[in-house]
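Take a look at the structure below.
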């Protein structure tokens, strides 16, 4: 895979949301960087001090099981040794990984990965803005519905003829009229 042909959309499709972070798995990054997953993991282990918990973390068994059940994980995960769960790299971890691998391709792919994360962040912020605007419109429509219902009730009251008290036939005594 030529780094110039790696599109941000292709990388964005590989970004997962795990533990509240947007991450890319080690096998996906290894494919993008053009190295084997084991070589990538060895480079990480040699430079583990560069990868704090907010840059990279190892998935637990439940997360691996969830990924293996989902449709978004590549086939490389199905043949992985279960004793070694995959690493998940955040945006900063993927960039640091490019520095650790020290190749021209790693630098180019790191830039594309960062661009993909930025593009995803922009898309999410746009969706949040749209959701907020829709919610505001729904509240506004709800208040309009209440106002319209009040108007309809007032019109119905005006349309209904007022009840008039029928006069009885015959003479009415003062005692009966007081009632």
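Numbering (this note's numbering), first residue to last: 16 to 194. Ideal Cβ positions, reconstructed from N, Cα and C, are used throughout, including at glycine. Quantities reported herein were computed from a predicted structural model and do not represent experimental measurements.
message = Given a cut-off of 9 Å on the beta-carbon distance, is the pair residue 27 and residue 134 in contact?
response = yes
inquiry  = For residue 145, count the other beta carbons within 10 Å of its own beta carbon; 16 or more makes it buried, fewer makes it exposed. Which is it?
reply    = exposed
query = Along the chain, where does the beta strand (DSSP E) that runs through residue 73 open and close?
reply = 71-73
task = Return the Cβ separation of residue 44 and residue 112 in integer angstroms, given the expectation that the two are a contact with Cβ distance under 8 Å.
result = 6 Å
query = Does the distance from the CB of residue 121 to the CB of residue 40 come in under 9 Å?
reply = no
ask   = Which of helix, strand or coil does DSSP assign to residue 59?
value = helix
task = Report back the beta-carbon spacing between residue 116 and residue 129 to the nearest angstrom; my notes put them in contact at under 8 Å.
result = 15 Å between Cβ atoms; not a contact.
request  = Spell out the partners DSSP gives residue 31 in its beta bridges.
outcome  = 38
message = Quick check: the Cα distance between residue 68 and residue 107, rounded to an integer number of angstroms?
response = 11 Å
query = Under a three-way DSSP split, which group does residue 175 fall into?
reply = coil
task = Quick one: residues in its chain with C-beta nearer than 6 Å to the C-beta of residue 29, no 5 flanking neighbours on either side, listed in chain order?
result = 39, 43
ask   = If you run the structure through DSSP and keep just helix, strand and coil, what is residue 66?
value = coil
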